[in-house]
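Novice: Counting from 4, one number per residue, gives the positions in the sequence shown under this note's numbering. Backbone N, C-alpha and C define an ideal beta-carbon position, used for all residues, glycine too. Would you mind keeping the following structure in view while I ask a few things?
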Amino acid sequence: MKNANPHAGPDELLATLDACILDIVEGTLSNDEGSTDAEIAQYLMDLGLSEAQAKRAICYRALYTLNLWVGDYTPIRSSVALRYNGETGQFEIA
4 MKNANPHAGP DELLATLDAC ILDIVEGTLS NDEGSTDAEI AQYLMDLGLS EAQAKRAICY
64 RALYTLNLWV GDYTPIRSSV ALRYNGETGQ FEIA
């Protein structure tokens, strides 16, 4: 699975993670631009994710790096994803 489908959520493998862990996962995917995919995957496994969960999370990296998501309306947590559109200044369904 190279790229995760942004409209398929909630992700069966990741959405069931503890909310605090999922916050860290999504924060890492959104903000860590300096680490390689392998480094992030190892970090996520160190947090307690399985190898399969860490690999799945990496599939979402581009979506989280390139978009600003609001609340629980993210590709991992919900089937409805709200994304910030910098051109209009509004949140919109992704």
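1. Bridge partners of Asn88, per DSSP?
2. Hey, Ile24 and Ile43: beta-carbon distance below 8 Å or not?
3. Whole-angstrom Cβ separation of Arg86 and Leu71, contact assumed at under 8 Å?
4. Output the distance between the C-alpha atoms of Asn6 and Ala65, rounded to the nearest integer angstrom.
5. Here's the rule I'm using: 16 or more other beta-carbon atoms within 10 Å means buried, otherwise exposed. How should Asp14 be labelled?
6. Which residue from Ser53, Gly74, Leu69 puts its Cα closest to that of Asn88?
7. I'd like the ranges of any beta strand (DSSP E) spanning at least 3 consecutive residues and lying wholly in the segment 27-68.
8. Taking only the alpha-carbon atoms, compute the straight-line gap between Gln45 and Val83 and give it to the nearest angstrom.
Specialist: Let's see:
1. Gln93
2. no
3. 7 Å
4. Because Asn6 carries a pLDDT of 45, less than 50, the predicted location of this residue cannot be relied on, and no value is offered for it.
5. buried
6. Leu69
7. none
8. 29 Å
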